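Participant: First, the structure itself, so that you have it in front of you.
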Amino acid sequence: MLSSHAKSSSSSRNLAGMLENGGFEGEGSGSCGGSRQQARDPRRTSLSVNSGRVIIASNHLPLRVKKSSTGEWQFEFDEDALTAQAKDGVPRSHFQEVLYVGGLPVDVEPEEQENIAIKLKDLYNCCPVYLDSAVKERFYKGFCKQQLWPLFHYVLPGSPSSSQRFNVEFWQAYVKANKCFADKIVEESLTDTEFVWIHDYHLLVLPSLLRKRFNRIRAGVFLHSPFPSSEIFRTFPKREELLRSLLNADLIGFHTFDYARHFLSCCSRMLGLEHETSRGSITIDYYGRTVGIKIMPTGVNPKRYLDGFSWDEFKWRRGELEAQFKGMTVLAGVDDMDSFKGIDLKLQAFERLLEYHAEWRGKVVLVQVTNPPRSTGHDITELHAFVTNLVASINYKYGNPSTNYVPVHYLERHVPLHERMAFYSIADCVVVTATRDGMNLVPYEYIVCRQGPDTPPGAESTVESGPRDSMLVVSEFVGCSPSLSGAIRVNPWSIDSGYNGMYAAICMPLEHRRLRHQKHWRYVSQHTVAFWAQSYLMDLVRVTRNHVTMKCYGLGLGLDTFRMVALDANFRKMEESQVAATYKSSKSRVFFLDYDGTLTAGQHTSITLAPLDEVLQVLRALTAEPLNKVVLFSGRPKAELQEWFASVPNLALVAENGCYLRLGEGQTWRSHLTPGLQVADQSWVSLVVAADFGWKKMALPILQQYQESTDGSSIEAKESALVWYYKDADPDFGSWQAKELLDHLEGVLSNKPVEIVGGSSAVEIKPQGVSKGQAVEKMLGQLYGYPAIAERRSSSSRPMGRPSSDASERRPSSSRFSMSDRGPSAGSAAVQSAASSVQGGGAEAAAQQELAAAGKGPDFVLCIGDDRSDEDMFTSIEMMRASPQMMSSEVYACTVGQKPSRAPFYLNDPGEVLHLLARLVGINLPNLPL
């Protein structure tokens, strides 16, 4: 079911409807239990309006489910679920409703599914997603728990028989399950710009599936698990599918900077995407869309625990525990039976404490609460056996039957909230020794329970009066560790580190324990789950505020290639018929054509890419028309261009991205129109005033030094510029070296008339004032005999290269250092020269005669380019349209490829460019691939 916006923006290259007909690999029919294809809901609109609600999608709905004695399903809202508690933080200024989409922890018979879905939506605003039992088994227990969970916790499969080895069937079930979630969200959506908040690793491909349905959907993802380093993540066979799907969200949340840093490193190393930082925010530009990175640990709801102190069951259990452990120092741990929770390491550290410090035997106990495992496997079975044996060994070795002293109290069962709170409230210290954990809220819960409620006057007290105290021993590998600055951080893999942490905690003076508790309580009481939810959703609103103006195109077939290209609303494909009609009726035409990537599919590399016969044929036909003037731009050297296009008469050439210019045959340079141009050789002139390349002798040794120390980098020595490339180097090291090189060159060349530009995987040193935009102005001044335009930019208050539209502002920015601030620029020098010639006499008379004889400028301008250097051409042409000579001109600025650009038109590839040019001159290109 596609929105009307998605339908209107689709084309032969827009695959937004593919999901409806089978979608990505691994999808198929019949995987969603009880799902049915429905007609479009008449309530849904494609208008860019906010429905006033947010859809929270997670693997499980925040519900407790059980069957009554009569066999009926009974449901209860689970106030302890994180997604349920997040509701309190939803900003009511933007959202008046929260809708939950997720699975149920039980299997419901098909004949009951629809009635239960209606009931749950009416009572709890919950929309269940039903999965076939086979798909559910492979999706959750197979892919999520046996493959994604270990991967995100830094565990790689060892033996060929390991269950952690990639399984195609599990992956297909994962995609099918995510598709069922997408179907349900689409079914419940009221607009194509719904806010959707996706939680955790179970639904990582959901952003792509939703983005295909609704191009402008406002989707955020929060990952509650760790994100592994690029060295781990790159081993996963479907790494690009997961990365690109995450990038199809608008905001990606992580608990810690470490996890975000690993994700950004993966984007850089595997997709070539660099991030930007601005005013405290981190963003990635992904095909015109700004993807935000949010770093913020979640929290708990203190009120929920503080209210629990008044529960009768809590009071009873707390009193029982106080009596049981009277006079004892209590260490507590609450963990799942999982290989990453470090229960075995905790027990070994506690055993060493009793071994080395006999004075604490009979005085300290460890209460270990172990929840049932969420997954099965040989490693869980082995861990369980090891832990139970170790508990028995410690109790046998250090226990004392005569005094009823049991060092380790091991509870292997589900512990309800009131009992867990009772354990927290009487524990002197909580120990968390997870070897890798996304967040772990146990320390936060413990701090709240040690704080307890403030007792009103006359009320019965359930906690001690006076200052509270607490202690935490926390693994440095859990997400909550950075926020608990008063905790004792340990390396759980080191038994000595764990033992020393426990010993330091139980020996800590009371005053120090109180100070640390106060610090932790201040943080936990402020950074609550509601605060986390509010902050995340407000950032999601901010990041997506421009969605209503976006024009989107879905490109790519599968999850590994699909991406949504976001463009300015006025950006559209160039209509050949319209251009041809304007061309036919015009009397004076000029063409500004880029070569690499525009007329040929190759990009500028060291590999020679001579023009095809079809390119030469089209250019010859264009230049043969007396009303046409054609200028070809390239970053290549003069000699190469001159050799390649020698067979094309009357073709003007611009080499090295605007530094060198050559008019067509029979045309000569009129220096009074473009003062300052220097003769280079033969018919070429240089755009640089008084060209001096002595700086190259200073810069080249520096570049060679960085090339030698950066494996994979290279140097290109042009006649007018030097470029250091690091595209094939290690992304992180190359970026570091580039920043250092920019600083180095800025210091050495501070008094030279050059610009040092840090672009995409390159650092370029070039003469100041050189660009394709400047070359366009010089060429127009020469071809049509008026000097005003040629110097317009230098006198403009707007700096060259500044984006002229919202779309262009989404382009990746480059670092630019201009060395020209010490003196007049090339443009200003030219203005001064022109002014002096007017005052001079002879040159002034010639200029006045030339200007008087000059007619209007061209009435047809076609400018086509494909990369960032061509954006200066588009900017120059847009600025020159205000001149008297071009006010009546029909101007077509076109970029190649659907991407953010200052040009208002696009063509998809060089084949379409050649096809358009061939149509204008009426020639047939039968061998041209389209």
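Residue 1 is where the sequence shown starts when you use full-length UniProt numbering, and the numbers rise one by one after that. Beta carbons: idealized from backbone N, C-alpha and C, even for Gly. Since the model is a prediction, treat every value here as computed from it, not as a measurement.
(1) Let me confirm a value: Glu111 is counted as buried when at least 16 other C-beta atoms fall within 10 Å, else exposed. Which label applies?
(2) Could you check the C-alpha separation between Cys180 and Cys144 for me, to the nearest Å?
(3) Where DSSP assigns a beta bridge to Asn628, which residues make up the other side?
(4) Does DSSP put His547 in a helix, in a strand, or in coil?
(5) Work out the CA separation of Ser735 and Thr290 for me, nearest whole Å.
(6) Using a Cβ-Cβ cut-off of 7 Å (strictly less than) and excluding sequence neighbours within five positions of Glu169, which residues of its own chain qualify?
(7) According to DSSP, what are the bridge partners of Asn371?
(8) What residue ranges within the region 416-504 form continuous beta strand (DSSP E) runs of no fewer than 3 residues, ordered along the chain?
(9) Residues in the same chain with beta-carbon distance under 6 Å from His199, minus the five sequence neighbours each way, listed in chain order, please.
(10) Less than 8 Å between the C-beta atoms of Leu907 and Leu917, yes or no?
(11) Just the C-alpha distance for Glu412 and Thr370, rounded to the nearest angstrom, thanks.
(12) Straight-line CA distance for Ser808 to Leu653?
(13) Would you mind stating whether Phe77 and Ala86 have Cβ atoms separated by less than 8 Å?
(14) Across which residues does DSSP place Pro767 in a beta bridge pair?
(15) What span of residues does the alpha helix (DSSP H) with Gly288 cover, start to end?
(16) What three-state label does DSSP hand Gly103 in the structure shown?
(17) Looking at Phe340 and Ile295, is the spacing between their C-beta atoms short of 8 Å?
(18) Thinking Ile185 and Leu204 are a contact (beta carbons under 8 Å), I'd like their distance in whole angstroms, please.
(19) How about Arg450: is its C-beta nearer than 8 Å to some C-beta of chain C?
(20) Compute the beta-carbon to beta-carbon distance between Asp859 and Ser889, rounded to the nearest angstrom, for a pair I have assumed lies under 8 Å.
(21) What does DSSP give as the partner residue(s) for residue 931 in the beta ladder?
(22) On the premise that Ser761 lies in contact with Tyr726, defined as a C-beta separation below 8 Å, what is that separation, rounded to the nearest angstrom?
(23) Whose C-alpha, out of Tyr201, Arg239 and Ser230, is nearest the C-alpha of His224?
(24) So which of Gln147, Gly158, Leu120 and Val175 has the shortest CA-CA distance to Leu131?
(25) According to DSSP, is Ala392 helix, strand or coil?
(26) Looking only at its chain, what residues have a beta carbon closer than 6 Å to the beta carbon of Phe350, apart from the 5 residues adjacent to it on each side?
(27) Just the C-alpha distance for Glu109 and Pro207, rounded to the nearest angstrom, thanks.
(28) Provide the residue span of the beta strand (DSSP E) that contains Lys326, from first to last.
(29) Quick check on Trp316: does DSSP put it in helix, strand or coil?
(30) Hey, how far is the Cα of Pro91 from the Cα of Val196?
(31) If I measure Cβ to Cβ from Ala852 and keep anything under 8 Å in the same chain, skipping five residues before and after, which residues do I get?
(32) Cutting at 8 Å between CB atoms, please list the residues of its own chain near Phe423, excluding the five before and the five after it.
(33) Below 8 Å, can you find three or more Cβ-Cβ pairs linking the region 518-526 to the region 484-492?
(34) Throw me the rounded Cβ distance for the Ala505 and Met471 pair, which I believe falls under 8 Å.
(35) Is it right to say Gln849 is buried, meaning 16 or more other beta carbons lie within 10 angstroms of its own, or is it exposed?
(36) Straight-line CA distance for Pro453 to Arg468?
Facilitator: On the basis of the supplied data:
(1) exposed
(2) 16 Å
(3) Arg589
(4) helix
(5) 21 Å
(6) Arg138
(7) Asp336
(8) 429-432, 472-475 and 488-490
(9) Ser58 and Phe222
(10) no
(11) 5 Å
(12) Unreliable placement is indicated for Ser808, whose pLDDT of 36 sits below 50; the coordinate value is still reported in the next sentence. Cα to Cα, the separation comes out at about 27 Å.
(13) no
(14) Val754
(15) Per DSSP, Gly288 belongs to no alpha helix (DSSP H) and is neither H nor E.
(16) strand
(17) no
(18) Contact doesn't hold; Cβ gap of about 15 Å is too wide.
(19) Here chain C cannot be found, since the structure has a single protein chain.
(20) 5 Å
(21) Residue 931 falls outside the range modelled here, since the chain spans only 1 to 930, and no answer is possible.
(22) 6 Å
(23) Tyr201
(24) Val175
(25) helix
(26) Leu366
(27) 29 Å
(28) First-last for Lys326: undefined, no H or E at that position.
(29) helix
(30) 14 Å
(31) Because the pLDDT of Ala852 is 39, which lies under 50, any placement of that residue in the model is unreliable, and the number read from its coordinates should be weighed accordingly. So the list is empty, once near-sequence residues are dropped.
(32) Leu321, Ala332, Val334, Val367, Val369 and Val415
(33) yes
(34) 4 Å
(35) Bear in mind that the predicted position of Gln849 carries a pLDDT of just 45, short of 50, making it too unreliable to give a figure here.
(36) 11 Å
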